[in-house]
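Written out as structure tokens, the structure reads:
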């Protein structure tokens, strides 16, 4: 994605020209229209869209399944989310779940529900984003469902993946003294969201204003067009390091390390000074007067991989750019803590989206 | 389901006692609460709820995937849909898609989105219905997602299934002169919906009224608690008859035979006097002054199987109770027609839900 294109499309919820009402097509016509250009890429995809169910030939591997439901006004805000980006992100978020099992995403199904506020062209944009992600990750879109909603846009994506039986990595298999590693950097998607929300408020106050996104390209891209870290799996396989446990960071580091600790029945210590935070994220955090550690710990949607490795693999890992050792697992009696720069131990708490509390 | 229980629960959208606010649990607490009693039944289910993705071991079979998104106010009306029934139906509708491929449903994932109008007890009811269907059909619930919505209830179910490679049945493989068969009887779910809608209007006019459902047990059960016809597959396998093409009747006979015709590039003739209609459906249709053929052709959600067989299999099929031969496939130049009792040929048209037109 070029940042320019991003800027131009922001705050244009929908182009007004070329509007085809969904009622002109009907349900079957719409599905046919949206799926007619889908090409099957994977040899295992025997049947895609167009029958009661998709058909997939997996041979001797394990099948992985992951699903997400994204809702306008809860998970995304149409004011600043271009539909193509939304489709891309919806697909990538599910690929990330498959990758976090050490698997390869192979197929997705997509159910979309829209009110008649959306035009055919809007849905095409959404599908274009989904298909762009499928193209990039070599995944087939094999089915779905398209219906009306009374209001708003709902997207449910289910991803299938595969993994060899002896390669699958779970959340509950971390061992005491394992090192905790994270890919990439953290907090960017969260800071991007903060910026976009700020500009939305300014835009509501003055619709003629130009959004001030100068210097925030990185964090906005982290929010609007995340990637799943398939490349990290290849690197780990290349140096013959198998994570002992793994999860993707969708809810935030604090919540996601808690899943590994709870499921593996262990405690852990993470070190504030080890948390990987990009300069642009630090700058944005300063603008909002929050610490970059807070953004890194509690911000969600980075889709980085959080995993544990045996201490013996440390030498291999430390040479890899883009993977940071941030702590270690310990006895459950020691709890789950962040050790600050000053040496204080702060207990970590799962944040999740706490979406039921916020509303 | 006992009809008495059905009557008592109708028009009680939610019990007021024992209300636990979702905000008391938070997202992770809610997922844990709803999934803690799920027991894995199938040997192929390696990992269910609780990791990034479910893990399934399929061996040498084909994997089938089907997905549906159900939306309050569009696909169901909380006024007369008990949540347990809704969960049951949401699962069964997806099982039916897998069965229509001649497959065995094996796992489902469920994403639910609710506004805080719903209590924990309401979600438990919904889950109880989902799990009851899973129990009956020997399916494992292996994952999902639970989030807030701004309003209303959204349920997305994805079903996985399996089928041996040489047993899968598609929509596009009917042959000219094949016989068209249907299981069970048609139009019941549609007439049940008409009755429930009528009583809803009466209830809105006078909230003290008792709904008049006398004599409509059958059609209401068809609407609120449908079953998927796994038994029919067993019968067909038992007499060694393999359908040449198959689909489940979810949109209505007219729409669904059209899918077989279009995908198989054939025409067909269906005979009005052959359409299987239950006496209670006929009676209900008369009350509403519509022909039972109209209910059978255009009513959806019966979840019966519509399939084609070779003429050679006719002798085997005609002895089977609960399967009716209703017509035959023909050259595409002859079109898709219903032959009426009077010998007139009426072109059939796909109705679907036409949901984009209705709103």
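Residue numbers (my numbering), protein chains in the order written: chain A, 1 to 359; chain B, 1 to 359.
Glycine is no exception: its CB is placed at the ideal position from the N, C-alpha and C atoms.
Residue from the options whose Cα sits closest to the Cα of residue i
| i | options | result |
| --- | --- | --- |
| residue 91 of chain A | A:107, A:82, A:77 and A:81 | A:107 |
| residue 338 of chain A | A:264, A:254 and A:148 | A:254 |
| residue 360 of chain A | B:246, B:251 and B:151 | The first residue shown for chain A is 1 and the last is 359, placing residue 360 of chain A beyond what the model contains. |
| residue 274 of chain A | A:249, A:184 and A:218 | A:184 |
| residue 169 of chain B | B:294, B:277 and B:260 | B:260 |
| residue 46 of chain B | B:166, B:57 and B:36 | B:57 |
| residue 264 of chain A | A:137, A:157 and A:330 | A:330 |
| residue 186 of chain A | A:248, A:135, A:130 and A:174 | A:248 |
| residue 93 of chain B | B:320, B:304 and B:291 | B:304 |
| residue 134 of chain B | B:123, B:204 and B:87 | B:87 |
| residue 104 of chain A | A:151, A:233 and A:205 | A:233 |
| residue 214 of chain B | B:207, B:196 and B:172 | B:196 |
| residue 246 of chain A | B:39, B:44, B:22 and B:51 | B:51 |
| residue 130 of chain B | B:320, B:89 and B:166 | B:89 |
| residue 44 of chain B | A:262, A:64, A:38 and A:20 | A:64 |
| residue 348 of chain B | B:320, B:297 and B:230 | B:297 |
| residue 128 of chain A | A:320, A:262 and A:38 | A:38 |
Rounded C-alpha distance that separates residue i from residue j
| i | j | result |
| --- | --- | --- |
| residue 121 of chain A | residue 78 of chain A | 15 Å |
| residue 257 of chain A | residue 162 of chain B | 35 Å |
| residue 99 of chain B | residue 66 of chain A | 22 Å |
| residue 372 of chain B | residue 212 of chain B | Within the shown structure, residues of chain B are numbered from 1 to 359, placing residue 372 of chain B beyond reach of any answer. |
| residue 177 of chain A | residue 267 of chain A | 10 Å |
| residue 118 of chain B | residue 53 of chain B | 27 Å |
| residue 276 of chain A | residue 188 of chain A | 11 Å |
| residue 96 of chain B | residue 191 of chain A | 45 Å |
| residue 322 of chain A | residue 201 of chain A | 35 Å |
| residue 433 of chain A | residue 139 of chain A | The structure shown does not extend to residue 433 of chain A, since chain A spans only 1 to 359, so no value can be given for it. |
| residue 116 of chain B | residue 74 of chain B | 19 Å |
| residue 112 of chain B | residue 144 of chain B | 8 Å |
| residue 18 of chain B | residue 30 of chain A | 44 Å |
| residue 7 of chain B | residue 149 of chain B | In this predicted model, residue 7 of chain B has a pLDDT of only 44, less than 50, meaning its place in the structure is not dependable; the value taken from the coordinates is given anyway. So the two alpha carbons sit approximately 29 Å from each other. |
| residue 334 of chain B | residue 344 of chain B | 14 Å |
| residue 205 of chain B | residue 199 of chain B | 10 Å |
| residue 227 of chain A | residue 59 of chain A | 28 Å |
| residue 294 of chain A | residue 26 of chain B | 20 Å |
| residue 72 of chain A | residue 299 of chain A | 19 Å |
| residue 292 of chain B | residue 340 of chain B | 12 Å |
| residue 171 of chain A | residue 101 of chain A | 8 Å |
| residue 357 of chain A | residue 22 of chain B | At residue 357 of chain A the pLDDT is 42, less than 50, meaning the model places this residue with poor confidence and gives no usable figure here. |
| residue 81 of chain B | residue 244 of chain A | 46 Å |
Neighbour list for residue i in chain A, Cβ cutoff strictly below 9 Å
| i | result |
| --- | --- |
| residue 120 of chain B | Per Cβ cutoff of 9 Å: no residues; residue 120 of chain B is ~10 Å from chain A at best. |
| residue 80 of chain B | The contacting residues do not exist; residue 80 of chain B stays about 18 Å from chain A at best. |
| residue 244 of chain B | Those within 9 Å of residue 244 of chain B in chain A number zero; the least Cβ separation is about 14 Å. |
| residue 101 of chain B | 47, 51, 52, 53 and 55 |
| residue 111 of chain B | 67, 68, 69, 156 and 158 |
| residue 87 of chain B | Simply none; closest approach about 16 Å. |
| residue 150 of chain B | 71, 72, 73, 74, 151, 152 and 359 |
| residue 335 of chain B | Here the premise fails: no neighbours, minimum Cβ distance about 18 Å. |
| residue 161 of chain B | 53 |
Rounded Cβ spacing between residue i and residue j (contact assumed at less than 8 Å)
| i | j | result |
| --- | --- | --- |
| residue 70 of chain A | residue 155 of chain A | 5 Å |
| residue 327 of chain B | residue 270 of chain B | 4 Å |
| residue 280 of chain A | residue 241 of chain A | Between residue 241 of chain A and residue 280 of chain A the Cβ distance is about 29 Å, and since that is not below 8 Å, they are no contact. |
| residue 194 of chain B | residue 288 of chain B | 6 Å |
| residue 308 of chain A | residue 174 of chain A | 4 Å |
| residue 55 of chain A | residue 62 of chain B | 5 Å |
| residue 123 of chain B | residue 34 of chain B | 6 Å |
| residue 68 of chain A | residue 182 of chain A | Actually they do not touch by this definition, with Cβ atoms about 22 Å apart. |
| residue 222 of chain B | residue 313 of chain B | Actually they are not in contact, since the Cβ atoms of residue 222 of chain B and residue 313 of chain B sit about 28 Å apart, beyond 8 Å. |
Residues that residue i contacts on chain B, provided the C-beta gap is smaller than 8 Å
| i | result |
| --- | --- |
| residue 117 of chain A | Near residue 117 of chain A there are no residues of chain B at all, since even the closest Cβ is about 10 Å away, more than 8 Å. |
| residue 189 of chain A | Here the premise fails: no neighbours, minimum Cβ distance about 17 Å. |
Proximity test, residue i beta-carbon vs the ligand SAH heavy atom, cut-off 6 Å
| i | result |
| --- | --- |
| residue 61 of chain B | As far as ligands go, the structure on display features none, and thus does not contain the ligand SAH. |
Interface partners of residue i on chain A, CB under 7 Å
| i | result |
| --- | --- |
| residue 198 of chain B | Chain A residues near residue 198 of chain B: none, gap ~22 Å exceeds 7 Å. |
Chain-ordered neighbours of residue i on chain B, where CB pairs are closer than 7 Å
| i | result |
| --- | --- |
| residue 447 of chain A | It is not possible to answer for residue 447 of chain A, since the shown part of chain A is limited to 1 through 359. |
| residue 58 of chain A | 58 and 63 |
| residue 247 of chain A | 52 |
| residue 170 of chain A | 47 and 51 |
Listed by chain order, chain B residues near residue i by CB distance under 9 Å
| i | result |
| --- | --- |
| residue 263 of chain A | 50 and 51 |
Contact set between residue i and chain A, taken where Cβ atoms lie within less than 8 Å
| i | result |
| --- | --- |
| residue 98 of chain B | 52 and 53 |
| residue 142 of chain B | 65 |
Which ranges would you report for the beta strand (DSSP E) in the region 220 to 259 of chain B if only whole runs of at least 3 residues count?
245 to 248
Could you tell me which whole beta strand (DSSP E) segments of length 3 or greater appear in the region 114 to 184 of chain A?
140 to 148, 153 to 163 and 179 to 183
Could I get the ranges of all uninterrupted alpha helix (DSSP H) runs contained in the region 310 to 347 of chain A, with 4 residues as the minimum, in chain order?
Runs found: 314 to 318.
Fully enclosed by the region 17 to 66 of chain A, which alpha helix (DSSP H) runs are 4 residues long or longer?
26 to 35
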